[in-house]
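Counted the way numbering that gives the first Met the number 0 counts, the sequence shown spans residues 0 to 396. Glycine included, C-beta positions come from ideal geometry on N, C-alpha and C. Computed from a predicted model, the values in this text were never measured in an experiment. Below is one structure; the comments refer to it alone.
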Amino acid sequence: MPVYTDDLQNIPFGKLGILALPGCEELASKIDSYLVSWRTKRESEHKTTIAFKGYQRDTYLLKASFPRFGTGEAKCQLKESVRGYDVFILCDCFNYGITHEIYGYTVPYSPDEHFANLKRAIAAMAGKARRITVIMPMLYEGRQHKRSARESLDCALMLQELYELYGIDNLITFDAHDPRVMNAIPLKGFENVYTTYQMIKAMVNNLPSLKIDKDHLMIISPDEGGMNRGVYYSSILGLDLGMFYKRRDYSRVVKGRNPIIAHEFLGSNVAGKDVLVVDDMISSGESMLEVARKLKSMGAENIYVACAFGLFCNGLEMFDVAYEEGAISKVFTTNLIYRTPELLKREWFCEVDLSKYISLLIDALNHDMSVSTLLNHSQKIKPFLESKGFNIEIKSE
């Protein structure tokens with residue numbers, strides 16, 4: 000049984016409810032299955048008391064619908080009461096796999112529409128829920144986290160709107176593009192959760208020939224913005240770290256960004272080594288593949304990519320070509336956001352399942368317990384690697 004499932008010392012903060020916004024039903028169903036199983040098996044001398052009323056149920060999923068008018072306007076309708084509930088709302092702002100009708104046209108949901116649905120769901124609760132926690136795996140407007148000249152500061156405004164206007168209590172996100180955006184709400188509950196342990200576990204379980212030592216594996220950050228992530232991986236695994244930095248053309252703006260002219264490498268020799276490129280997301284994939292091809296030209300052996308969010312905005316064909324060329328060997332991304340059926344069939348793709356981890360977080364938070372042990376991955380990585388035959392000196396955080 001996982002940590003926390005047998006060692007919950009507090010009574011529940013409130014009756015647990017999980018609300019899956021459109022596009023999150025699959026992930027929510029997995030989370031619900033774990034919670035139902037754990038709480039059915041869990042014994043407590045107090046479970047018949049009023050504080051544990053409704054603790055063991057067949058499902059913790061709340062029923063709601065989001066009907067739309069012909070104009071595209073929408074509303075949220077809760078199908079059951081949430082009075083006194085400890086509500087966890089799952090929101091994937093980047094699921095373009097669901098559509099709606101507007102003036103006779105079928106259009107995919109945009110991030111703005113998912114965020115609007117989140118606000119509608121909170122508004123429909125009308126202050127009756129005892130506590131509201133939003134689980135937003137990929138942070139809405141997370142890449143618009145700082146202002147350059149005359150620009151909107153969308154991520155900070157989003158956070159302030161959710162906390163100050165809509166009254167949520169906590170927000171949980173994963174591998175935030177820049178965690179410093181939490182400075183917009185310094186006195187509020189904001190957890191930036193990393194996927195390091197799950198990524199390492201997936202790599203070890205899916206790459207039988209993997210060797211984790213300085214002679215055989217190296218960590219690479221594809222840009223200077225992700226160096227903290229690369230430093231964490233290299234420190235916790237005792238590996239060397241390299242970095243690419245992007246030379247940009249600051250005289251032009253293309254699709255909201257200054258275009259990249261070239262990727263320059265800083266680090267030790269990669270020749271003959273496997274390489275793990277770590278980042279928070281794959282957007283178009285052009286930069287990632289350019290880095291991979293550059294590493295290959297420098298003599299790297301297998302090139303693995305570990306990213307929490309695989310958006311693949313420009314499609315999968317570029318990665319198919321890179322895989323055929325040998326520029327990439329495997330891409331690890333999580334199931335925290337929408338994955339197309341076509342992506343799931345790719346030979347180079349490996350999914351990292353986070354549903355159990357989220358279930359542990361929800362279970363602990365519902366009991367109003369600290370989640371610091373769950374967030375500290377170094378305590379789990381070393382025992383796991385030792386169980387797989389790796390002898391690694393884990394450096395303290």
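Query, Result
"Pull up the CB-CB distance for A414 and I327, whole angstroms please, since I reckon it's below 8 Å.", "There is simply no residue 414 to check, as the chain begins at 0 and stops at 396 in what is shown."
"Thinking just about the alpha-carbon of each residue, which of I134, L156, P178, L265 is nearest to the one in A27?", "I134"
"Excluding sequence positions up to five away, which residues of its chain have a Cβ less than 6 Å from the Cβ of E346?", "none"
"What residue range is occupied by the uninterrupted beta strand (DSSP E) comprising C23?", "Looking at the DSSP string, C23 is not in any beta strand (DSSP E), and its letter there is neither H nor E."
"Within the same chain, show all residues whose beta-carbon is closer than 8 Å to that of P66, passing over the 5 residues directly before and after it, in chain order.", "A73, K74, Q76"
"Just confirm the distance between the C-beta atoms of S377 and I30, as a whole number of angstroms; I'd bet it's less than 8 Å.", "Actually they are not in contact, since the Cβ atoms of S377 and I30 sit about 25 Å apart, beyond 8 Å."
"Measuring CB to CB, does G71 end up less than 8 Å from I101?", "yes"
"Quick one: is S80 buried, meaning 16 or more other Cβ sit within 10 Å of its Cβ, or exposed?", "exposed"
"So, is F68 buried or exposed, given that buried needs 16 or more other C-beta atoms within 10 angstroms?", "exposed"
"Going by DSSP in three states, S267 sits in which element: helix, strand or coil?", "coil"
"Between which two residues does the beta strand (DSSP E) harbouring F189 extend?", "188-192"
"Could you give the DSSP three-state label for R142: helix, strand or coil?", "coil"
"Count the other CB atoms within 10 Å of the CB of G166; is the residue buried (16 or more) or exposed (fewer)?", "exposed"
"I need the DSSP call for E289, collapsed to helix, strand or coil.", "helix"
"Counting along the chain, where does the alpha helix (DSSP H) carrying E100 start and finish?", "Run containing E100: none in the alpha helix (DSSP H); it sits in the beta strand (DSSP E), 98-101."
"Can you tell me whether N227 is helix, strand or coil according to DSSP?", "helix"
"Here's a check: name, in chain order, each residue in its chain whose Cβ is nearer than 8 Å to the Cβ of A122, leaving out the five neighbours to either side.", "C75, Y165"
"Per DSSP, what are the beta-bridge partners of E350 in this structure?", "T332"
"Determine the closest residue to T195 out of K293, S233, T339, S151, with distance taken between C-alpha atoms.", "S233"
"Which value, in whole angstroms, describes the spacing of the CA atoms of F264 and D239?", "14 Å"
"Quick check: does the Cβ of P340 come within less than 7 Å of any heavy atom belonging to the ligand ATP?", "The ligand ATP is not part of the structure shown, which contains no ligands of any sort."
"Going by C-alpha to C-alpha distance, which of C312, K40, G266 sits closest to S286?", "C312"
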